[in-house]
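Peer 1: In order, the protein sequence lines correspond to chains A and U.
Residue 209, in our numbering, is where the first sequence stops; the numbers in between run on with no holes.
Residue 209, in our numbering, is where the second sequence stops; the numbers in between run on with no holes.
There are 2 protein chains.
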Amino acid sequence: MDEGLLVVISGPSGAGKGTICKQLLMKMGYMKVSVSATTRKPRQGETEGISYYFIDEEEFINRINNGEFLEYAKVYGNYYGTPKEEVFKQLKAGNDIILEIDIQGALQVKKNYPKGVFIFILPPSLTELKYRIEGRGTDSKEVIFRRMECAYDELNYAFEYDYVVLNDHVEKATEKIKHIILAEKNRAIRNKAIISKIREK
Amino acid sequence: MDEGLLVVISGPSGAGKGTICKQLLMKMGYMKVSVSATTRKPRQGETEGISYYFIDEEEFINRINNGEFLEYAKVYGNYYGTPKEEVFKQLKAGNDIILEIDIQGALQVKKNYPKGVFIFILPPSLTELKYRIEGRGTDSKEVIFRRMECAYDELNYAFEYDYVVLNDHVEKATEKIKHIILAEKNRAIRNKAIISKIREK
Chain A
9 MDEGLLVVIS GPSGAGKGTI CKQLLMKMGY MKVSVSATTR KPRQGETEGI
59 SYYFIDEEEF INRINNGEFL EYAKVYGNYY GTPKEEVFKQ LKAGNDIILE
109 IDIQGALQVK KNYPKGVFIF ILPPSLTELK YRIEGRGTDS KEVIFRRMEC
159 AYDELNYAFE YDYVVLNDHV EKATEKIKHI ILAEKNRAIR NKAIISKIRE
209 K
Chain U
9 MDEGLLVVIS GPSGAGKGTI CKQLLMKMGY MKVSVSATTR KPRQGETEGI
59 SYYFIDEEEF INRINNGEFL EYAKVYGNYY GTPKEEVFKQ LKAGNDIILE
109 IDIQGALQVK KNYPKGVFIF ILPPSLTELK YRIEGRGTDS KEVIFRRMEC
159 AYDELNYAFE YDYVVLNDHV EKATEKIKHI ILAEKNRAIR NKAIISKIRE
209 K
């Protein structure tokens with residue numbers, strides 16, 4: 009293949025993006041995760057440079073102004089962003105990258121890098137989604153209500169993605185994403201070099 | 009998914025389309041093969057209604073005039089065609105169909121049914137392709153030469169397909185096509201019904 013794949017895993021908050029990405033990395037160990045930068049405070053168990061790069065707002069805005077992000081967004085009062093340099097370096101080296109981001113971010117990446125593979129994770133139902141967000145125990149009732157409203161609207165964006173994967177069962181959803189990644193490596197547009205090789209031989 | 013997949017396996021003569029399709033059917037037993045009609049004489053081991061519908065030229069031309077083919081072509085003096093009715097009935101019933109056809113035919117299907125999944129099988133090299141056609145022992149030297157010239161030109165069409173799969177190893181190539189089929193089932197455009205279901209629940 010000409011270069012690495014940028015696989016964007018996205019969807020409403022609480023759809024299960026994080027769990028799926030963890031499973032995917034276990035199944036496809038060679039894939040690299042893109043680590044985002046954020047101004048959000050670390051949650052319990054999160055590690056600097058692995059979960060996120062935790063930086064303050066001043067620094068984040070500086071980097072926005074320097075055009076250092078592939079995408080960034082302010083979500084529920086906090087900034088999140090994907091550093092360009094790291095991602096492009098990996099792709100050129102032929103490495104596949106997973107990007108786990110919200111919908112606003114994914115749509116920006118699509119503009120900046122349309123060759124990416126855009127996957128929308130669907131919660132099995134909005135009721136199920138509510139249980140999941142509540143179960144996380146990190147958000148107030150007001151925040152949960154806002155997220156549910158948001159999730160309903162966000163379902164409209166699913167069709168701006170290449171794929172939709174229903175997360176009714178984490179194992180099955182992860183398996184589907186694995187098939188998508190392996191299939192995308194055979195896309196005609198990603199294999200221009202191969203034809204000339206066959207003719208030469 | 010909204011309806012069945014039409015999977016078009018195509019490529020130069022001798023690239024290994026037939027072998028790959030047989031393997032694919034063993035791995036994904038639920039898939040149906042579309043049986044083509046042809047005016048070519050049966051080769052040894054070929055069965056009416058399974059390998060092809062063998063019909064005479066008058067009958068074939070009648071069916072062309074009645075618009076009964078999804079695609080048809082005259083190749084090396086013989087007509088080959090895919091009956092529309094059978095294919096569309098299966099797709100509507102939610103069944104996946106494999107269509108093994110030459111490049112002229114595949115490009116016609118793409119015009120008539122762009123929702124299909126178009127896969128171009130690449131021989132590992134043109135030298136290898138020559139060995140394969142010769143090994144089949146069914147063609148004269150002149151026919152082989154014509155096929156080789158054709159194959160060289162036909163490589164240009166690979167990029168009108170969705171996917172290219174290198175057939176350097178039948179097992180591996182078949183596995184890749186399996187991933188493509190499973191991935192395509194999650195394409196956003198093929199899953200419009202699912203979003204409304206999630207909102208209803």
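Glycine residues also receive a C-beta, built at the ideal position from the N, C-alpha and C atoms.
Model, not experiment: these values are computed from the prediction.
1) Could you tell me if F126 (chain A) is buried or exposed, where buried requires 16 or more neighbouring beta carbons within 10 angstroms of its beta carbon?
2) Please decide whether A114 (chain A) counts as near chain U, where near means a Cβ-Cβ distance under 9 angstroms.
3) Given that a residue counts as buried once 16 or more other Cβ atoms are within 10 Å of its Cβ, and exposed if not, what is K184 (chain A)?
4) Hey, would you say I152 (chain U) sits closer than 9 angstroms to E142 (chain U), going by beta carbons?
5) Any C-beta of chain A sitting closer than 9 angstroms to the C-beta of R140 (chain U)?
6) Would D104 (chain U) pass as a contact of M156 (chain U) if the rule is Cβ separation under 9 angstroms?
7) As a quick exercise: from A:S21, A:E108, A:L78, A:E79, pick the residue whose alpha carbon is nearest that of Q31 (chain A).
8) Q139 (chain A): buried (16+ other C-beta within 10 angstroms of its C-beta) or exposed?
9) Which word fits T90 (chain A), buried or exposed, when buried means at least 16 other C-beta atoms lie within 10 angstroms of its C-beta?
10) Could you check if G53 (chain U) is buried or exposed, using at least 16 other CB atoms within 10 Å of its CB as the buried criterion?
11) Strictly below 8 angstroms CB to CB, what residues from chain U border D170 (chain A)?
12) Any beta carbon of chain U sitting closer than 9 angstroms to that of E108 (chain A)?
13) Could you name the residues that DSSP lists as bridge partners for A45 (chain A)?
14) Could you give the distance in angstroms between the alpha-carbon of A101 (chain A) and the alpha-carbon of K40 (chain A)?
15) Going along chain A, which residues have a C-beta under 9 angstroms from I105 (chain U)?
16) Based on Cα-Cα distance, which residue from U:L115, U:T46, U:E56, U:S59 lies nearest to R71 (chain U)?
17) Just the C-alpha distance for R198 (chain U) and L115 (chain A), rounded to the nearest angstrom, thanks.
18) Using only alpha-carbon positions, find the residue among U:G124, U:Y61, U:I63, U:G22 that is nearest to K193 (chain U).
19) Output needed for V178 (chain U): all residues of its chain with C-beta closer than 7 angstroms, excluding positions within five of it in sequence on either side, in chain order.
20) Specify, as a first and last residue, the run of the alpha helix (DSSP H) that K82 (chain U) falls within.
21) Between which two residues does the alpha helix (DSSP H) containing Y165 (chain A) stretch?
22) How close, in whole Å, do the beta carbons of L13 (chain A) and I202 (chain A) come, if the pair is a contact with beta carbons under 8 angstroms?
23) Taking CB distances under 9 angstroms as the criterion, tell me whether N131 (chain U) reaches chain A.
24) Report the rounded CA-to-CA distance for K92 (chain A) versus Y80 (chain A), giving the unit in angstroms.
25) Using the beta-carbon count (16 or more within 10 Å), is G57 (chain A) buried or exposed?
26) DSSP beta-bridge partners for F128 (chain U)?
27) Since L107 (chain U) is in the beta strand (DSSP E), which residue starts that stretch and which ends it?
28) Nearest-angstrom Cα distance between D10 (chain A) and D161 (chain A)?
29) Does K35 (chain A) come within less than 9 angstroms of chain U when only Cβ atoms are used?
30) Using a C-beta cutoff of 9 angstroms, does A101 (chain U) count as contacting chain A?
31) Please name the residue in A:Y169, A:T146, A:L134, A:N86 whose C-alpha comes closest to that of K119 (chain A).
32) Measure from the alpha carbon of S204 (chain A) to the alpha carbon of each residue in U:N164, U:L78, U:A196, U:A191, then state which is nearest.
33) Have a look at Y38 (chain U) and I106 (chain U) and give me their C-alpha separation to the nearest angstrom.
34) Do R207 (chain U) and G22 (chain U) have their CB atoms nearer than 9 angstroms?
35) Is Y88 (chain U) near G113 (chain U), with beta carbons less than 9 angstroms apart?
36) Could you tell me the distance, in whole angstroms, from the CA atom of I111 (chain A) to the CA atom of L174 (chain U)?
Peer 2: By the coordinates alone:
1) If you draw a 10 Å sphere on the C-beta of F126 (chain A), you find 16 or more other C-beta atoms in it, and that means buried.
2) Not closer than 9 angstroms to any Cβ of chain U, the Cβ of A114 (chain A) fails to qualify, so no.
3) Label assigned to K184 (chain A): buried.
4) The Cβ atoms of I152 (chain U) and E142 (chain U) sit closer than 9 angstroms to each other.
5) For R140 (chain U), not one C-beta of chain A is nearer than 9 angstroms to its own C-beta.
6) Not in contact: D104 (chain U) and M156 (chain U) (Cβ atoms no closer than 9 angstroms).
7) It is A:E108 whose Cα lies nearest to the Cα of Q31 (chain A).
8) The sequence as given places Tyr at residue 139 (chain A); Gln does not occur at that position. Exposure of Y139 (chain A) is indicated by the presence of fewer than 16 other C-beta atoms within 10 angstroms of its C-beta.
9) In summary, T90 (chain A) is buried, with 16 or more beta-carbon neighbours lying within 10 Å of its beta-carbon over all protein chains present.
10) Exposed.
11) Simply R195, A196.
12) Between E108 (chain A) and chain U, the shortest Cβ-Cβ separation is not below 9 angstroms.
13) Beta-bridge pairing links A45 (chain A) to A:Y61, A:G89.
14) A101 (chain A) and K40 (chain A) have their C-alpha atoms some 12 angstroms from each other.
15) Simply none; closest approach about 18 angstroms.
16) When each option's Cα is compared against that of R71 (chain U), the closest is U:T46.
17) In this structure, the CA atom of R198 (chain U) is about 20 angstroms from the CA atom of L115 (chain A).
18) It is U:G124 whose Cα lies nearest to the Cα of K193 (chain U).
19) Cβ neighbours of V178 (chain U) beyond the five flanking positions: G24, T27, I28, Q31.
20) That residue, K82 (chain U), is in no alpha helix (DSSP H); its beta strand (DSSP E) goes 77-83.
21) Going by DSSP, Y165 (chain A) is part of no alpha helix (DSSP H) at all; its letter is neither H nor E.
22) In fact, because the Cβ distance is near 16 angstroms, the residues do not count as touching under 8 angstroms.
23) Checking the sequence shown, residue 131 (chain U) turns out to be Pro, not Asn. Interface residue, yes.
24) Those two C-alpha atoms are separated by around 11 angstroms.
25) By the neighbour-count criterion, in which a residue is buried when 16 or more other Cβ atoms sit within 10 angstroms of its Cβ, G57 (chain A) is exposed.
26) F128 (chain U) is bridged by DSSP to U:S18, U:V172.
27) Run containing L107 (chain U): 105-108, per the beta strand (DSSP E) assignment.
28) So the two alpha carbons sit approximately 37 angstroms from each other.
29) It does not: the Cβ of K35 (chain A) has no partner Cβ on chain U nearer than 9 angstroms.
30) Interface annotation, A101 (chain U): not in contact with chain A, CB-CB separation never under 9 angstroms.
31) Ranking A:Y169, A:T146, A:L134, A:N86 by Cα distance to K119 (chain A) puts A:Y169 first.
32) Per the C-alpha coordinates, the member of U:N164, U:L78, U:A196, U:A191 positioned closest to S204 (chain A) is U:N164.
33) Counting only the Cα atoms, I106 (chain U) lies some 11 angstroms from Y38 (chain U).
34) Not a contact, by the Cβ cut-off of 9 angstroms.
35) In this structure, G113 (chain U) lies closer than 9 angstroms to Y88 (chain U) by Cβ.
36) Counting only the Cα atoms, L174 (chain U) lies some 35 angstroms from I111 (chain A).
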